[in-house]
């Protein structure tokens, strides 16, 4: 294999970029692009003694960065200057601090959303001596950038695999022909926290923890709603999240709807490639909930938001621009985490989708377990 065009002086290590187009948000460790990305990082570190040029977000870059660190390579990381310092990324990806070199992106486009991604991709490729494409969308931006550099960079194709994103989220959440008849006798006065799949680390978890579990996963996405419920039971804690909370404060959300009323609201949100919530949850008595600060959410018109006091914003939510969809959820919230140990003496209820889930629960709470559906699928 000839390296004459791109390899640096023999006293320097080559710099390698491992490239993937955006993939599914719920992959498995057995997916080819995941396996080959990890293998490419190991090969570059072992065979080339290379440094890896990478970034974070979306998941494809996160995986390449983590895999490079796990392989023992030094990592050059391109990030917006406001994202965090080198010590933060070293902790997040479990990379030795002296193995991580941060390249801050100062362009104004890096201050919002995904607008900095295109410039980031170009910067990564410009710094690299060797490009390793893994799973690229035909005709996509990365393919175009690789073509631009075909005469000046060495391109290693041995890890390539067809671009075929595979999502491993739940499809049919609840078979309404098999609903548990006991649900019609659901007790009054309960609030339910429904879980859902998490696209990335759980609250309070590092990216390295998440990716370690993702790479090891075989049959189910490692941060599925069922796994999330199990984490809650192991920790005896529901961790707050600031995702789509207007005040940007972590909260735990509940609904006062019964399971039968909640099931029709378990909708697929294509915009975010996730269910609104999924059929795994924790129900607690409303009177006990009030004692730890849980309050009903007030739904407001979008133009009213700026006039709401800061300490009230965690308990407010926009009613929706086009049609009022959010009030139907009859949401309650509490700021921060919910420690279930504080509620263990109350008659809480653990909710799972079907009876087969009960055996897999990491449960040490003396609470009733209720399945939403019963019997076998016809």
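Residue numbers (this note's numbering): 24 to 401. Ideal placement from N, C-alpha and C gives every residue a C-beta, glycine not left out. What you are looking at is a predicted structure, and each value in this text was computed from that prediction instead of being measured.
Member of the options whose CA lies at the smallest distance from the CA of residue i
i: residue 146; options: 125, 115, 136, 157; result: 125
i: residue 157; options: 237, 169, 117; result: 169
i: residue 379; options: 249, 306, 55; result: 249
i: residue 259; options: 306, 361, 127; result: 361
i: residue 180; options: 35, 51, 40, 117; result: 40
i: residue 326; options: 339, 315, 363; result: 339
i: residue 221; options: 183, 47, 35; result: 47
i: residue 279; options: 226, 334, 255, 217; result: 217
i: residue 281; options: 275, 205, 119; result: 205
i: residue 374; options: 368, 391, 267; result: 391
i: residue 317; options: 354, 301, 166, 290; result: 354
i: residue 73; options: 117, 237, 97; result: 97
Backbone CA spacing between residue i and residue j [nearest angstrom]
i: residue 155; j: residue 129; result: 26 Å
i: residue 28; j: residue 328; result: Low confidence applies here, because residue 28 scores a pLDDT of 39, under 50, leaving its location unreliable and the question unanswered by this model.
i: residue 320; j: residue 246; result: 27 Å
i: residue 382; j: residue 78; result: 40 Å
i: residue 396; j: residue 286; result: 11 Å
i: residue 43; j: residue 186; result: 9 Å
i: residue 123; j: residue 62; result: 20 Å
i: residue 143; j: residue 303; result: 38 Å
i: residue 277; j: residue 306; result: 9 Å
i: residue 160; j: residue 51; result: 19 Å
i: residue 149; j: residue 175; result: 10 Å
i: residue 297; j: residue 195; result: 13 Å
i: residue 235; j: residue 55; result: 16 Å
i: residue 309; j: residue 356; result: 12 Å
i: residue 363; j: residue 227; result: 17 Å
i: residue 58; j: residue 90; result: 10 Å
i: residue 233; j: residue 272; result: 22 Å
i: residue 334; j: residue 359; result: 13 Å
i: residue 332; j: residue 365; result: 29 Å
i: residue 5; j: residue 140; result: Examination of residue 5 is not possible in this model, given that the chain is present from 24 through 401 alone.
i: residue 35; j: residue 292; result: 48 Å
Paired residues, beta bridge with residue i - DSSP
i: residue 43; result: 158
i: residue 77; result: 100
i: residue 277; result: 355
i: residue 391; result: 372
i: residue 307; result: 214
i: residue 319; result: 355
i: residue 125; result: 100
i: residue 291; result: 298
Contact under 8 Å by Cβ, residue i with residue j
i: residue 107; j: residue 68; result: no
i: residue 299; j: residue 288; result: yes
i: residue 244; j: residue 83; result: no
i: residue 11; j: residue 336; result: Absent from the model: residue 11. The displayed extent of the chain is 24 to 401, so no value can be given.
i: residue 388; j: residue 253; result: no
i: residue 75; j: residue 64; result: yes
i: residue 37; j: residue 153; result: yes
i: residue 115; j: residue 231; result: yes
i: residue 225; j: residue 257; result: no
i: residue 45; j: residue 81; result: yes
i: residue 110; j: residue 214; result: no
Proximity test, Cβ basis, 8 Å: residue i and chain B
i: residue 272; result: The structure shown contains no chain B, having only a single protein chain.
Near the ligand COA: residue i beta-carbon under 7 Å from a heavy atom
i: residue 50; result: Although the ligand COA was asked about, the structure shown includes no ligands whatsoever.
For this session: Note down, one range per segment and in chain order, each beta strand (DSSP E) of at least 3 residues found wholly within the stretch 203–227.
Result: 213–217
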